[in-house]
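Protein chains in written order, with the UniProt record's numbering: chain A, 1 to 326; chain B, 1 to 326; chain C, 1 to 326; chain D, 1 to 326. Note that the Cβ used here is the ideal one computed from N, Cα and C, for glycine as well. What you are looking at is a predicted structure, and each value in this text was computed from that prediction instead of being measured. Structure first, then comments.
There are 4 protein chains.
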Amino acid sequence: MAKKIPSRSKSSMLTQEENRKDLGFGTKITSERVRLINKDGTFNVRRVGDSFLNSVNWYHRLIILGWRKFFGIIFLFYFLLNIVFACLYLFIGIEYLEGISNEHQQPAFWEAFFFSAQTLTTVGYGRISPTGFWANSVAGLEALIGLLLIALATGLFYGRFSRSVPRIRFSKNIVVAPYLDINGLMFRIIHERDNELIDLDVEMTLSCLDTLPSGAKIRKYYPLDLERDHVNFFPLNWTLVHPITEDSPLANATEKSLADADAEFLIMIRAIDETFMQQVHVRFSYHYEELLWGAKFEPMFDTSVQGDIAVRVSDIDRYQPASLNT
Amino acid sequence: MAKKIPSRSKSSMLTQEENRKDLGFGTKITSERVRLINKDGTFNVRRVGDSFLNSVNWYHRLIILGWRKFFGIIFLFYFLLNIVFACLYLFIGIEYLEGISNEHQQPAFWEAFFFSAQTLTTVGYGRISPTGFWANSVAGLEALIGLLLIALATGLFYGRFSRSVPRIRFSKNIVVAPYLDINGLMFRIIHERDNELIDLDVEMTLSCLDTLPSGAKIRKYYPLDLERDHVNFFPLNWTLVHPITEDSPLANATEKSLADADAEFLIMIRAIDETFMQQVHVRFSYHYEELLWGAKFEPMFDTSVQGDIAVRVSDIDRYQPASLNT
Amino acid sequence: MAKKIPSRSKSSMLTQEENRKDLGFGTKITSERVRLINKDGTFNVRRVGDSFLNSVNWYHRLIILGWRKFFGIIFLFYFLLNIVFACLYLFIGIEYLEGISNEHQQPAFWEAFFFSAQTLTTVGYGRISPTGFWANSVAGLEALIGLLLIALATGLFYGRFSRSVPRIRFSKNIVVAPYLDINGLMFRIIHERDNELIDLDVEMTLSCLDTLPSGAKIRKYYPLDLERDHVNFFPLNWTLVHPITEDSPLANATEKSLADADAEFLIMIRAIDETFMQQVHVRFSYHYEELLWGAKFEPMFDTSVQGDIAVRVSDIDRYQPASLNT
Amino acid sequence: MAKKIPSRSKSSMLTQEENRKDLGFGTKITSERVRLINKDGTFNVRRVGDSFLNSVNWYHRLIILGWRKFFGIIFLFYFLLNIVFACLYLFIGIEYLEGISNEHQQPAFWEAFFFSAQTLTTVGYGRISPTGFWANSVAGLEALIGLLLIALATGLFYGRFSRSVPRIRFSKNIVVAPYLDINGLMFRIIHERDNELIDLDVEMTLSCLDTLPSGAKIRKYYPLDLERDHVNFFPLNWTLVHPITEDSPLANATEKSLADADAEFLIMIRAIDETFMQQVHVRFSYHYEELLWGAKFEPMFDTSVQGDIAVRVSDIDRYQPASLNT
């Protein structure tokens with residue numbers, strides 16, 4: 001029997017669904033104590049049910065690893081690989097490593113271990129050298145492996161070192177402050193590093209829970225318009241302002257209503273790192289507990305510095321109380 | 001005699017041609033058993049008539065090769081190159097390789113072979129060393145070649161390792177499911193790896209055969225609008241929906257009509273890989289046999305995992321029967 | 001005395017100038033025998049008056065050099081550098097290179113030369129080794145220089161190998177052919193290599209000389225609209241068509257009028273190379289002598305190949321006479 | 001007590017603020033002797049109050065360093081590292097470095113120093129070789145460190161060498177010249193290097209001080225429209241023109257009014273470097289003192305060069321007096 005797709009003219013439900021804003025988290029995350037975006041920009045989501053080896057992206061892991069751990073892994077790997085090859089040389093027979101002296105009475109294992117190290121790094125002093133087919137074969141293989149590992153290390157080093165990691169610092173709090181003749185939701189940012197970010201674009205979204213007529217809760221997302229969402233240059237600090245007009249999703253919001261709705265302010269920044277000429281993305285979020293009412297940021301210009309224009313990075317969190325416009 | 005281009009005001013045939021959608025396959029592929037896009041995203045097209053050496057892009061080949069084959073080629077190449085150089089040293093005369101011992105009674109060929117390996121990898125133990133003009137020249141050349149090959153291997157390693165290969169997993173089937181108060185064509189995707197894809201854009205196109213009044217068949221392409229074709233983030237699974245309204249090319253389609261038209265659903269995804277900050281493209285296609293009628297996907301949230309939001313990757317293909325809206 | 005900028009309301013001359021299309025060549029290139037874009041995509045322009053060393057971009061030069069010349073330079077450089085260091089060792093005194101044997105009666109220069117080669121490549125067999133402060137210092141420096149040069153070679157190798165050089169082949173001729181119920185200016189392209197180009201955008205511009213009322217000639221540029229200027233995929237050949245309607249700059253053009261105007265068809269292609277996920281740009285131009293009147297391209301599908309869809313690359317230039325629509 | 005955000009319908013002050021152009025410098029930089037953008041494109045801004053180590057981006061620093069300083073640092077680092085390791089070997093005991101000869105009466109320190117150099121560069125001649133556990137361990141570690149440093153140097157070399165540094169040369173002066181039937185603000189640019197920049201986009205902004213009714217000064221930014229702000233190709237010089245019509249912010253400006261307002265013309269160029277297929281950004285600024293009144297640029301075409309079209313780079317600053325249109 002032939003199946004047929006029934007169809008209807010465009011429904012109002014569809015129009016409504018198409019206009020619903022969604023960042024990609026969907027409507028079903030309704031647990032109230034779970035942040036969507038962590039302070040370091042990662043998502044609060046785990047993908048399970050797939051084997052670890054299948055899901056891990058080794059390059060990604062080795063690139064984002066801290067430098068201390070990265071070097072730890074390299075040294076450990078070097079140590080273990082030498083132990084493996086030392087055992088191989090002992091298995092073949094220490095007598096095939098010509099030139100081992102007994103002068104310092106070092107055990108055969110360490111002699112084989114250091115010979116291995118000299119081969120892996122391609123130093124090859126030659127006081128000890130392999131003789132016979134098998135010792136020579138293993139040494140030849142080890143030198144090749146050494147070179148490939150150097151190639152790998154070179155790539156990783158370059159990948160880590162040359163990756164753009166923008167260090168945009170966000171003010172500790174997001175504040176509701178008087179703004180012109182109305183009020184605004186404000187936070188501010190500064191680039192901590194001495195290279196330049198240019199062409200910044202900023203987007204802010206309010207994530208909060210809505211109660212359906214049925215009593216069920218769904219998560220909704222509202223864009224928060226910014227007074228200015230793009231700058232060409234970013235040498236100074238930048239205060240971002242969402243003007244709270246009557247059209248704002250925050251109009252008439254109260255401290256309690258935001259807490260009830262588990263409000264989270266999601267911030268996305270796109271910029272270009274001028275050293276690498278690479279686009280970078282930065283995510284951040286403020287939870288409703290980090291919102292201050294009636295506070296305004298203090299200027300960050302440092303007038304004590306002569307000549308140049310100077311901004312004091314450490315002042316980014318400083319604010320003072322301010323009564324809101326009514 | 002001067003030739004002159006006759007011209008006419010814009011014809012209706014031209015307007016029609018300009019509005020015809022074409023992905024780049026043209027209208028002439030009318031064989032019914034041929035998929036346009038394979039399951040791995042490659043095209044089902046061969047370019048012939050050009051010499052192999054001229055058409056092959058070696059970098060491309062060595063980059064997309066599996067890791068096992070890649071290492072196989074490296075080891076084989078190392079082995080063969082040492083054989084070539086060993087023969088060269090034998091040709092010059094084994095007596096020009098000073099220090100060859102007869103202790104272990106190894107044939108001259110292997111001594112030359114291992115000396116070559118020590119030179120190519122720049123280990124250079126020095127138990128055996130070249131003397132005389134020719135042996136020294138060949139050894140000097142071999143060391144240089146060794147270094148250039150290491151440079152090449154380093155580049156390839158880095159190129160392979162640092163290339164973004166997004167692993168978006170598609171549901172095994174595309175389904176016709178009830179959607180709001182109408183029906184929709186749905187499939188879903190998830191990213192299998194632990195790094196993030198952001199700013200996804202998805203496009204879906206229906207490719208099918210049309211019969212001309214003359215009886216000839218031509219292939220046509222229809223865009224299928226999606227309820228939502230962009231997300232900023234992709235930490236969870238994403239179900240893509242083409243709402244089957246009266247305007248849809250699928251309105252009133254039946255199982256038989258799709259089979260007759262050799263329907264293929266072509267999917268293109270653009271995203272940004274956050275580790276590499278590189279744009280990636282993913283292609284996929286569903287043939288009409290992979291379409292299920294009256295089925296809806298089951299949720300993938302895993303509520304057994306405490307704390308974080310968790311999605312079970314292996315559940316992506318799970319569906320249950322569902323009666324369509326009429 | 002203060003100067004003041006006089007100003008006027010917007011003039012019609014300004015509006016006209018703002019609407020004039022210009023690719024960046026300006027209006028003053030009026031010599032008739034000079035192509036603007038060469039067949040290999042380079043511009044027919046020289047920048048003089050600047051010192052060679054200041055204007056040359058070494059990376060660019062070493063990257064676009066042919067492979068044979070590239071290797072030639074590397075080998076020559078290696079040879080010369082060893083000669084320099086050999087002279088340095090001879091200057092210090094050959095007796096500071098311990099282990100030079102007189103067995104094979106090789107002159108001191110070559111011993112120093114090969115010792116230098118062993119140091120530069122970091123092979124360091126050690127049969128010959130430096131003693132004393134100066135020989136050791138020079139050897140230490142040479143090894144460091146060797147490593148830095150290897151680093152440079154590695155970078156260049158990778159840069160050359162991993163650079164996307166799209167090989168789009170253009171049909172030898174551009175033709176005026178019957179097209180639907182009118183005529184069209186057509187050329188066709190195919191990608192010769194086995195990796196994929198995607199998201200192609202094509203632009204065509206007519207460059208020709210116009211005579212001003214004063215009798216002076218200026219070069220003008222007219223965009224030529226294409227029936228289709230974008231494809232998502234490019235696995236097959238693609239015929240680009242500029243429909244010659246009454247609005248076309250080519251309407252009523254004759255062979256003589258194009259020759260008189262020194263007509264050149266400039267073509268720009270933007271695409272994404274899928275292996276590198278890098279945008280590539282290709283330029284090409286057809287001069288009026290390469291235009292064929294009343295010819296249409298023959299299909300390139302190869303039906304003798306079973307199974308896959310097959311295109312014969314070498315057929316790209318094939319055409320047959322066709323009478324134009326009137 | 002629940003706080004509530006008061007809100008108002010959109011205010012006229014907000015609209016005005018939203019329409020104010022801002023490049024990212026803000027309105028508060030009112031010191032008259034401070035340029036915003038230096039001649040080399042850097043910003044005249046310092047970020048203070050953060051620790052040096054925290055704010056410095058080492059990759060960025062090492063990449064923008066001059067070549068002479070870069071090599072100086074490498075050689076110094078090599079020298080110091082060898083001194084450190086030489087001391088370590090002396091501490092362990094010079095007798096553990098086998099093969100040190102007293103023939104040339106070199107002090108033990110230098111023998112250890114050169115042995116260290118041979119290990120760090122992985123040359124490893126082997127005349128001197130480590131014996132015993134500790135000497136061997138230090139040597140094994142040194143060889144590994146040597147390899148990692150080579151990896152780092154390789155990455156930096158490639159990063160420096162392959163970075164696109166466009167060398168767009170700006171005319172020394174910006175001029176007010178007659179243009180068509182009105183006047184224009186003009187400057188011109190040329191690319192000094194032999195590789196190509198394509199798809200250039202140029203933006204010009206006037207930065208000047210405005211006096212508020214209160215007498216306070218604020219810095220304002222006005223976009224200056226260009227007659228043409230994009231070219232596809234850039235093989236020749238390009239003269240950029242802001243037509244001074246009645247709508248221009250410069251209408252009726254005088255030499256004195258520009259000086260009083262501390263006028264600075266900020267220029268931003270975006271282009272694609274064809275060798276690297278990378279987007280590049282160039283910044284430049286002209287201060288009011290660099291503005292010439294009634295001068296027009298002389299042509300740069302060099303007609304003495306036969307065959308090709310030739311442009312004389314060194315003529316970029318040449319101008320002649322010209323009386324303005326009134």
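A straight-line Cα-Cα distance of about 58 angstroms links B:Thr42 and D:Leu291.
Rounded to the nearest angstrom, the gap between the Cα atoms of D:Pro130 and A:Ala112 is 13 angstroms. Residue-level contact by beta carbon holds for B:Gly126 and chain D, with a gap shorter than 8 angstroms. Not a single CB atom of chain D sits nearer than 8 angstroms to the CB of A:Phe109. Within the region 255-306 of chain C, the complete beta strand (DSSP E) segments of 3 residues or longer fall at 264-273, 278-287, 291-293, 295-297, listed in chain order. By the neighbour-count criterion, in which 16 or more other beta carbons inside 10 Å mark a residue as buried, C:Glu196 falls on the buried side. Ranking B:His242, B:Thr205, B:Leu81, B:Ser164 by CA distance to the CA of A:Gly140 puts B:Leu81 first.
In the three-state DSSP reduction, B:Lys172 falls in the coil class, being neither helix nor strand. Within the same chain, and ignoring the five residues on either side of A:Trp293 in sequence, the residues whose Cβ sits closer than 7 angstroms to its Cβ are Val176, Glu255. Nearest to B:Ser164 by C-alpha distance, out of B:Thr239, B:Asn325, B:Ile64, B:Thr303, is B:Ile64.
Listed by position along chain D, the residues whose Cβ is nearer than 8 angstroms to that of C:Tyr158 are Tyr158.
In summary, D:Val241 is buried, with 16 or more beta-carbon neighbours lying within 10 Å of its beta-carbon over all protein chains present.
In the displayed model, C:Asn82 falls within a helix according to three-state DSSP. By the criterion of a C-beta distance shorter than 6 angstroms, C:Arg160 is surrounded in its chain by Ile63, once the five residues flanking it on both sides are discounted. With respect to D:Asp273, D:Pro166 sits close: the two C-beta atoms are nearer than 8 angstroms. Contact with chain A is absent for D:Val138, since none of that chain's Cβ atoms lies less than 8 angstroms from the residue's Cβ. Straight-line measurement puts the Cα of D:Tyr179 at about 11 angstroms from the Cα of D:Thr326. A Cβ of chain D is located within less than 8 angstroms of the beta carbon of C:Thr154.
Only exposed fits D:His230, as fewer than 16 other CB atoms lie within 10 angstroms of its CB. When the Cα atoms are used, D:His191 and D:Leu200 turn out to be separated by approximately 11 angstroms. In its chain, beyond the 5 residues on either side, Ile244, Thr245 have a beta carbon closer than 8 angstroms to the beta carbon of C:Ala251.
Counted as a single uninterrupted DSSP element, the alpha helix (DSSP H) harbouring B:Thr119 occupies residues 108-120. With a beta-carbon spacing of about 15 angstroms, A:Leu212 and A:Asp262 fall beyond the 8 angstroms limit used to define contacts. Under the three-state reduction of DSSP output, B:Glu98 falls in the strand class.
Per DSSP, D:Thr239 is one residue of the beta strand (DSSP E) stretching across 238-243. For D:Thr15, the enclosing alpha helix (DSSP H) stretches over residues 12-19. Residues of the region 302-317 of chain A that bring their beta carbon within less than 7 angstroms of a beta carbon in chain D comprise Asp302, Val305, Asp308, Ile309, Ala310, Val311, Arg312, Val313, Ser314, Asp315, in sequence order. Listed in chain order, the non-local C-beta contacts of D:Asp302 below 7 angstroms within the same chain comprise Ala310, Val311, Arg312, local neighbours out to five positions each way being set aside. By the criterion of a C-beta distance shorter than 7 angstroms, A:Pro321 is surrounded in its chain by Gly294, Ala295, once the five residues flanking it on both sides are discounted. Inter-segment contact for the region 20-40 of chain B and the region 221-239 of chain A is absent: fewer than three beta-carbon pairs are separated by less than 8 angstroms.
Taking a beta-carbon distance threshold of 8 angstroms, D:Arg270 does not count as an interface residue toward chain C.
Straight across, the Cα-Cα distance linking B:Arg127 with D:Leu90 is about 27 angstroms.
Residue contact with chain B for A:Arg68: absent (no Cβ-Cβ distance below 8 angstroms to any residue of chain B). At a cut-off of 8 angstroms between C-beta atoms, A:Ile29 counts as an interface residue with respect to chain B. Non-local beta-carbon contacts of B:Ile168 in its own chain, meaning distances under 6 angstroms to residues more than five positions away in sequence, involve Ile189, His191, Val282 in chain order. The C-beta of C:Gly93 comes no closer than 8 angstroms to any C-beta of chain D.
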